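Counting in our numbering, the sequence shown runs from 16 upward without gaps. Even glycine gets a Cβ: it sits at the ideal position worked out from N, Cα and C. A quick note: this is a predicted structure, and the numbers were derived from the prediction, not measured. Taking it in order: structure first as structure tokens, then the write-up.
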Amino acid sequence: MSTLETALKEIMGSVEGTIGVALVDYNSGMALGLIGGGPDLDLNVAAAGNTDVVRAKLRAMELLNLDEAIEDILITLSTQYHLIRPLTSRSGKGLFLYLALDRNRANLAMARHQLKKVETDLEV
Numbered sequence: 016m017s018t019l020e021t022a023l024k025e026i027m028g029s030v031e032g033t034i035g036v037a038l039v040d041y042n043s044g045m046a047l048g049l050i051g052g053g054p055d056l057d058l059n060v061a062a063a064g065n066t067d068v069v070r071a072k073l074r075a076m077e078l079l080n081l082d083e084a085i086e087d088i089l090i091t092l093s094t095q096y097h098l099i100r101p102l103t104s105r106s107g108k109g110l111f112l113y114l115a116l117d118r119n120r121a122n123l124a125m126a127r128h129q130l131k132k133v134e135t136d137l138e139v
């Protein structure tokens, strides 16, 4: 089991092209922890904004009567990938990992794989 700080550092250091990473509570929109970001990416603003994305997708799934779990949500921009992964553990309910990647340097498949691995080990 890894702590939040350890998990975020692991993602930041092991996923090529990472701009920033955060653990977010989608009930409040608050980032519980974050690393990275910068003048071009305010992770606190991104956390709050992506909370709306997660809520909207959950509402849509409910309206469609889909009995499924979201593995991840991918948003592709012209220069970035934004990856959202809701946590599935009992202690992680209501939380998601948010990862922003430089599209020219990132390997999306490896990023998804690493997020899944970190999620499995994360103790919140």
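Asked	Found
Per DSSP, cross-strand counterpart(s) of A37	L49, Y113
Own chain partners of L92 with C-beta closer than 8 Å, once the 5 adjacent residues on each side are dropped	R118
Contacts around L56, its chain only, beta-carbon distance under 7 Å, and the 5 residues preceding and following it disregarded	I34, G35, A115
Environment of P101 [buried if 16+ CB atoms lie within 10 Å]	buried
Per-residue DSSP class, three states only, for T66	helix
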